[in-house]
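Undergrad: After the C-alpha cells below, expect a handful of questions from me.
Residue numbers (the numbering used here), protein chains in the order written: chain C, 986 to 1238; chain G, 30 to 424; chain V, 27 to 183.
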C-alpha cells in the first residue's frame, strides 16, 4: 500500500508539472530567425582580417579611432585594438617588446638607431577564433560566435565572472567597468554588417590593415591571403585564430 | 582592478594590466576544498567503519555543509552582476566548466543534505518530541516530515540509505573539488594552470586541508570547550591520515613542477621567472618550506619519535602541524590563482598584484566569508546536536 | 507512506520546481540560433557608427577634400581619411559641434610626429624625421612653417 501511495503521488505531481510546463513554455520561435538579424543575411559572408606588419608605422591612429568608435575606456588598461613594438637589439637573441598605453600616444623614441638590428610593429586585435576558448567557457552563453565568423558579447546577459578574459590566450578581452561586462573587439560588427569597414582599417594611414569577405574571391582580404605567406598567432593554442599576419616572426606571441 | 604598471617586468598584454580574479577566487577553492576534505573524514567512519573517526564523523558532516553553503558566495561576490549569477543555474551553457560546477555543486548539496537528514534521523525525532516548545523543536518538526517512526525496522532502512548515500558521497565530494581544479587546469591560455594534474593537486590538498580543519575543530571541542577527553586513537588516526595525504599531495605538486622544469616547454623559463620574482615569498618560503616542511617534520616526530604517553605534547604538536597545513593550503590557492595571473599570457613578462581590502571582492569581504562557515557550523550544531551522541558512545 | 519515501518526494518536488523556474525564466530569444540570445544580434547590428568617412566631410569641406585627394605628386596624404587625424565626426556634421579630438588639431607637430617621427621599427619607405640630436630636422619649428598645406604636404628632397 505504502509503495502504491508513493508511486501515485509521484505520478500525479509529474503529470501536473508536465502539463504546466507544456502550457506555459514560452514560444521561442515566435519571431522568425531572420527578423532577429534586421534584414542582414549573415550566411552570405565570412569576414576575414589581415595585418601587414611590413607596412605598419606604429602611429596609433587605429587605437585612437577604435577607442572613440567603440566607447572603450581611455585608460591604459582597456583595449580592443593595440599595437606592440618588437625590437631586436644587436647581440641579443630575444626581442624587446613594449606597448606604452597600447600605442594610443604613438611610440616614444626608445632605442638608438645604431643598436637596433631589426624592429617592427605588430597591431593586435581580437582574432575572432574559429574555435573560440572564450565562447566555450562562458557559463551562461553571453558570448557567442556568429555565422559570419565574429565573436560577440551580450552586454545584457554577461554576469561578469571574467572566465572568458582568463581563457583568451591573446589578452584580447577586458572588463568594461561602465557596463560591468566583458568586452572585446568585434571587428566593428555594427559597421561591417552595413557594408562599411572596421574603424581601425579606415583610420590606418598606410593600409597595413586589410579587411573583407573571405567568401568573395575579389575582396581585399582574399587577395592579401593569396599574395602573401601569412601566419596566425599562437597556433599551438588550438583556437584557430583568424587574423592573418604578414611580416611577423615566431617570436611574436 | 588596475595593476601598478611600473611593477611590470618585461612585457604584458595591455589588457592584462587590469587584474581580474583576486582574493575571492583564492578562497573559493579553499572553502570548497574544506567541504570535500571534511566529507572524506566523515566517510572514513561512515563507509570504511574506521571507529577512530567516530567522534568527529557527525561534526564533519555539519562542517562540510557549512562550508558548502558558503563556498559559492565568493563566486557571487566577485561577479559584477550579482543577480545575473543565477543564470548559471537557469540557462547553463553546457560547454563551460563553470556552468558544470553549478550542477556538480547542486548534486553534492543534495547528497550531503540527504546524508545529514538520514544520519541525524534519531536526533531529529528526539528533538521534535521534546516537551519544551522552542524554535529548535519547531524546525526539527518540519524536518520530521510528519513521521515519528524510529522503530528498529525503520532505523535499519535509514542506516542502509545513509550508508549508500555516504558511498555516493565520496566520489561526489572528490568530483566536486577535482572539478574546481579542472576549472583552472582547463584554461590552456594560462601556462601556470593548464595541466591535467590540476584536479588531483586540488583534490589532495583539499583532503589535507579538510583533515587538518577537522583536527583543529576536534581539538577545540576537547580542549577549549571540554566536551569530552581527546580520544588518542582518534588523534593517532588524524596524524596518520594527515601524514599520508600530505605526502601524496606533495608528490603530485612536485611532479607538476618536475614536469614543467624537466620537459622544458615554452613556458619553463617564464615560470622560473615567475617563481623567482613574484612567488618567492608565498610559494617557495610560504607554501613549500614553512607551510609543508614544518608540518612534515612535526608529523615525522609524532609518528615515530614522540611516545604515546606524552598526550598533551602530541595534541599540541598536531595542532601546530594542522594550522601550518591550513595556512599552506590557503597559500597554495593564492599561488595558483594569483600567481597564474601574474604571469603574462604572452610569456614575455610578469607583474605584481597588490591585494585590496575594501571592494566587493577585496580581502575584507573574504575574511568575513572565511569566518561565516564557523558561525553556520555553530548554528547547525545547536539544532542538530552532533555531541550528545558521542557522549553516549563514550559512556 | 514511509518517511524515507517522503524525503525522496521532497527531492522530486524540488527538481520539478527547478525545472519550472528554469523554463519560465528562459529569455525568449535564447536558443533561436544557439545557446545565446538572438536579441543581442539585433542590438549589435543597430549600434550607431561614429566614423563617418571622408565623403561625408566633403559636403562642407570641399577645398580640404580636394587637396587631400589631389593626384599631384606632392600630395602624399591622398589615402588618408579626415578622421584619422581630426577624430571621429559622428556628432559634428549633424549638430555642428567640434569633433571629438577637435576639428582643429591642437598640436599639429605632435600629430605629424605620430607617423613621421624617426623610429627604427618603422618601415624605411616612410618619410621620417627626428627633432633631436645631430640629425635634427629644424627643431623648434612647427611643421606647418614649411609644409604649409598639411592636406597636400610638399615633400622636399
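Every residue, glycine too, gets a C-beta built ideally from N, C-alpha and C. In this text the structure is predicted, and so the values were computed from the model without any measurement.
#1: To the nearest angstrom, how far is it from the Cα of residue 268(G) to the Cα of residue 1080(C)?
#2: Out of curiosity, what's the CA-to-CA distance linking residue 117(G) and residue 1225(C)?
#3: Kindly indicate which three-state DSSP category residue 175(V) falls into: helix, strand or coil?
#4: Taking only the alpha-carbon atoms, compute the straight-line gap between residue 1120(C) and residue 1075(C) and give it to the nearest angstrom.
#5: Which residue from 77(V), 96(V), 164(V) and 171(V) puts its Cα closest to that of residue 111(V)?
#6: Per DSSP, what are the beta-bridge partners of residue 59(G) in this structure?
#7: Quick check on the DSSP output: the beta strand (DSSP E) that includes residue 1129(C) runs from which residue to which?
#8: Which term fits residue 1203(C), buried or exposed, when burial requires 16 or more other beta carbons within 10 angstroms of its beta carbon?
#9: Please go through the same chain and pick out, in chain order, the residues whose beta-carbon is closer than 6 Å to the beta-carbon of residue 423(G), but skip the five residues on each side of it.
#10: Have a look at 115(G), 81(G) and 136(G) and flag the residue whose alpha-carbon is nearest the alpha-carbon of residue 52(V).
#11: Answer with buried or exposed for residue 58(V), where buried requires no fewer than 16 other C-beta atoms within 10 angstroms of its C-beta.
#12: Going by DSSP in three states, residue 44(G) sits in which element: helix, strand or coil?
#13: Under a CB-based cut-off of 7 Å, is residue 41(V) close to chain C?
#14: Quick check: the Cα distance between residue 1039(C) and residue 146(V), rounded to an integer number of angstroms?
#15: Quick one: which chain V residues come within Cβ less than 7 Å of residue 1021(C)?
#16: By how many angstroms is the C-alpha of residue 359(G) removed from the C-alpha of residue 158(G)?
#17: Counting contacts by CB-CB distance shorter than 7 Å, is residue 110(V) in contact with chain C?
#18: By Cβ distance, which residues of its chain are closer than 7 Å to residue 214(G), with the 5 residues on each side in sequence left out?
#19: Could you give the C-beta distance for residue 14(G) and residue 342(G), rounded to a whole number, given that I count them as a contact under 8 Å?
#20: Answer with yes or no whether the minimum CB distance from residue 282(G) to chain C is below 7 Å.
#21: Look at the alpha carbon of residue 65(G) and the alpha carbon of residue 37(V), and state the distance between them as a whole number of angstroms.
#22: Are there 16 or more other CB atoms within 10 angstroms of the CB of residue 1099(C), so buried, or fewer, so exposed?
#23: Relative to the C-alpha of residue 1062(C), which candidate in 1231(C), 1169(C) and 1174(C) has its C-alpha closest?
#24: Are the beta-carbon atoms belonging to residue 63(G) and residue 238(G) less than 7 Å from one another?
#25: Going along chain G, which residues have a C-beta under 7 Å from residue 48(V)?
#26: What residues in the segment 112-145 of chain G bring their beta carbon closer than 7 Å to a beta carbon of chain C?
#27: Candidates 135(G), 143(G) and 151(G): which alpha carbon is nearest residue 414(G)'s?
#28: DSSP puts residue 31(G) in a beta bridge; with which residues?
#29: Quick test of your reading: residue 31(G) and residue 1084(C), contact by CB under 8 Å. State the CB separation rounded to the nearest angstrom.
#30: Below 8 Å, can you find three or more Cβ-Cβ pairs linking the segment 1139-1148 of chain C to the segment 1030-1039 of chain C?
#31: Given a cut-off of 7 Å, decide if residue 131(G) and residue 377(G) are closer than it, judged by their beta-carbon atoms.
#32: Closest to residue 1089(C) by CA distance: which of 134(V), 135(V), 141(V) and 179(V) is it?
#33: Measure the alpha-carbon distance for residue 1111(C) versus residue 1157(C) and round it to whole angstroms.
#34: Restricting to Cα atoms, I'd like to know which of 56(V), 46(V), 107(V) and 131(V) is closest to residue 1047(C).
#35: Given that a residue counts as buried once 16 or more other Cβ atoms are within 10 Å of its Cβ, and exposed if not, what is residue 331(G)?
#36: Strictly below 7 Å CB to CB, what residues from chain C border residue 101(V)?
TA: Checking against the coordinates, here is how it stands:
#1: Looking up residue 268(G) in the second chain gives position 239. Looking up residue 1080(C) in the first chain gives position 95. Looking at the two C-alpha atoms, the distance is approximately 53 Å.
#2: Within the second chain, numbered from 1, the residue matching residue 117(G) stands at position 88. Within the first chain, numbered from 1, the residue matching residue 1225(C) stands at position 240. Approximately 27 Å, taken between the alpha carbons.
#3: Walking along the third chain from the start, residue 175(V) turns up at place 149. If DSSP states are grouped into helix, strand and coil, residue 175(V) belongs with coil.
#4: One-based indexing of the first chain puts residue 1120(C) at position 135. One-based indexing of the first chain puts residue 1075(C) at position 90. Taking the straight line from one Cα to the other gives about 42 Å.
#5: Start at 1 with the first residue of the third chain, and residue 111(V) comes out as number 85. When each option's Cα is compared against that of residue 111(V), the closest is 77(V).
#6: Locating residue 59(G) in the second chain gives position 30, counting from the first residue. Residue 59(G) is not bridged to any residue.
#7: Your numbering for residue 1129(C) matches position 144 in the first chain. That run of the beta strand (DSSP E) goes 1128-1130.
#8: Taking the first chain and counting its residues from 1, one reaches residue 1203(C) at position 218. Answer is exposed; the Cβ neighbour count stays below 16.
#9: Here the question's residue 423(G) lines up with position 394 in the second chain. For residue 423(G), the pLDDT reaches just 45, beneath the cut-off of 50, and the residue's location in the model is therefore unreliable, although a value from the coordinates is still provided. Once the five neighbours on either side are set aside, the close Cβ partners of residue 423(G) are 257.
#10: By one-based count along the third chain, residue 52(V) stands at place 26. Comparing C-alpha distances from residue 52(V) to each of 115(G), 81(G) and 136(G) shows the shortest one belongs to 115(G).
#11: For this step, residue 58(V) is matched to residue 32 along the third chain. Residue environment analysis places residue 58(V) among the buried positions, since at least 16 neighbouring C-beta atoms fall within 10 angstroms of its C-beta.
#12: Translated into positions along the second chain, residue 44(G) becomes position 15. Three-state result, residue 44(G): helix.
#13: Locating residue 41(V) in the third chain gives position 15, counting from the first residue. Under the Cβ distance rule, residue 41(V) does not count among the residues neighbouring chain C, no pair being separated by less than 7 Å.
#14: Counting from 1 along the first chain, the entry for residue 1039(C) is found at position 54. Counting from 1 along the third chain, the entry for residue 146(V) is found at position 120. A straight-line Cα-Cα distance of about 13 Å links residue 1039(C) and residue 146(V).
#15: Counting from one through the first chain, the residue named residue 1021(C) turns up at place 36. Result: 55, 58, 64, 65, 67 and 68.
#16: Working through the second chain from its first residue, we reach residue 158(G) at position 129. Working through the second chain from its first residue, we reach residue 359(G) at position 330. The straight-line gap separating the alpha-carbon atoms of residue 158(G) and residue 359(G) is approximately 43 Å.
#17: In the third chain, residue 110(V) corresponds to position 84, counting from 1. True, the Cβ-Cβ gap to chain C drops below 7 Å.
#18: Indexing the second chain from 1 puts residue 214(G) at position 185. Here residue 214(G) has 222, 223, 224, 225, 227 and 228 as same chain residues with Cβ atoms under 7 Å from its own Cβ, once five neighbours each way along the sequence are excluded.
#19: In this structure chain G extends from 30 to 424, so residue 14(G) is not present and cannot be described.
#20: In the second chain, the residue the question calls residue 282(G) occupies position 253. Not closer than 7 Å to any Cβ of chain C, the Cβ of residue 282(G) fails to qualify, so no.
#21: Residue mapping note: residue 65(G) aligns to position 36 of the second chain, counting from 1. Residue mapping note: residue 37(V) aligns to position 11 of the third chain, counting from 1. Taking C-alpha positions only, residue 65(G) is separated from residue 37(V) by approximately 22 Å.
#22: Within the first chain, residue 1099(C) is the residue found at index 114, counting from 1. Classification of residue 1099(C): exposed, given that the 10 Å Cβ count is below 16.
#23: Here residue 1062(C) corresponds to residue number 77 of the first chain, with the count starting at 1. Checked all of 1231(C), 1169(C) and 1174(C); the closest Cα to residue 1062(C) is 1169(C).
#24: Locating residue 63(G) in the second chain gives position 34, counting from the first residue. Locating residue 238(G) in the second chain gives position 209, counting from the first residue. Note that the C-beta distance between residue 63(G) and residue 238(G) is below 7 Å.
#25: Indexing the third chain from 1 puts residue 48(V) at position 22. Those within 7 Å of residue 48(V) in chain G are 119.
#26: Taking 7 Å as the Cβ-Cβ cut-off against chain C, the residues of the segment 112-145 of chain G that qualify are 113, 114, 116, 117, 120, 121, 122, 124, 125, 126, 127 and 128.
#27: The residue labelled residue 414(G) in the question sits at position 385 within the second chain. Proximity to residue 414(G) across 135(G), 143(G) and 151(G) peaks at 151(G), based on C-alpha coordinates.
#28: Within the second chain, numbered from 1, the residue matching residue 31(G) stands at position 2. Partner(s): 47(G).
#29: Translated into the one-based positions of the second chain, residue 31(G) becomes position 2. Translated into the one-based positions of the first chain, residue 1084(C) becomes position 99. With a Cβ gap of about 16 Å, residue 31(G) and residue 1084(C) do not count as contacting.
#30: No, because fewer than three Cβ pairs between the segment 1139-1148 of chain C and the segment 1030-1039 of chain C fall closer than 8 Å, the two stretches do not touch.
#31: Locating residue 377(G) in the second chain gives position 348, counting from the first residue. Locating residue 131(G) in the second chain gives position 102, counting from the first residue. No.
#32: Counted from its first residue, the first chain places residue 1089(C) at position 104. Comparing Cα-Cα distances from residue 1089(C) to each of 134(V), 135(V), 141(V) and 179(V), the minimum goes to 141(V).
#33: Position 126 of the first chain, counted from the start, is the residue given in the question as residue 1111(C). Position 172 of the first chain, counted from the start, is the residue given in the question as residue 1157(C). Approximately 5 Å between the Cα atoms of the pair.
#34: Taking the first residue of the first chain as 1, we reach residue 1047(C) at position 62. Looking from the CA of residue 1047(C), the closest CA among 56(V), 46(V), 107(V) and 131(V) belongs to 107(V).
#35: Within the second chain, numbered from 1, the residue matching residue 331(G) stands at position 302. Buried, because 16 or more other Cβ atoms sit within 10 Å of the Cβ of residue 331(G).
#36: The residue given as residue 101(V) occupies position 75 in the third chain. Those do not exist, as residue 101(V) stays about 13 Å from chain C at its closest Cβ, beyond 7 Å.
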